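Spelled out as structure tokens, the structure:
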């Protein structure tokens, strides 16, 4: 009985670790891809490059802002793609670390 409980706990811990690794990898890929988004791209082009956004907000001018994950559980940076009313990219806000090849470091606090 105790062995089954211990095995269950170990399996849950391994599953949690695996899910965290997947999220971190997706986050890093989002940061790299954000640098490739250019003004004038369509929503479909951005979707093919970045995937589905984790969030989106409507703007008063008829455009939209798409948000993507970047960072760790303790330190997140926004990745935003802003579309104008014509559904084309008007601007982007990539995470500061997205310009390099380094993964986000949760031990630093970037303003």
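In the working numbering, the protein residues as written are -19 to 91. Think of the CB as a built atom: it goes at the ideal place given N, C-alpha and C, for glycine as much as any other residue. Source: prediction; values computed, not measured.
- Between the alpha carbons of residue 69 and residue 61 lies a distance of about 7 Å.
- With at least 16 other beta carbons inside 10 angstroms of its own, residue 26 counts as buried.
- Its chain contains 33, 36, 61 as the residues whose beta carbon lies nearer than 6 Å to that of residue 46, once the 5 sequence neighbours on both sides are disregarded; these appear in chain order.
- Shown here for residue 23: same chain residues with a beta carbon closer than 7 Å to its own, the five before and five after excluded, namely 63, 67 in chain order.
- Within a 10 Å sphere around the beta-carbon of residue 75 sit 16 or more other beta-carbons, which makes this residue buried.
- Rounded to the nearest whole angstrom, the CA to CA distance from residue 43 to residue 19 is 14 Å.
- Under the DSSP definition of a beta bridge, residue 39 lacks any partner.
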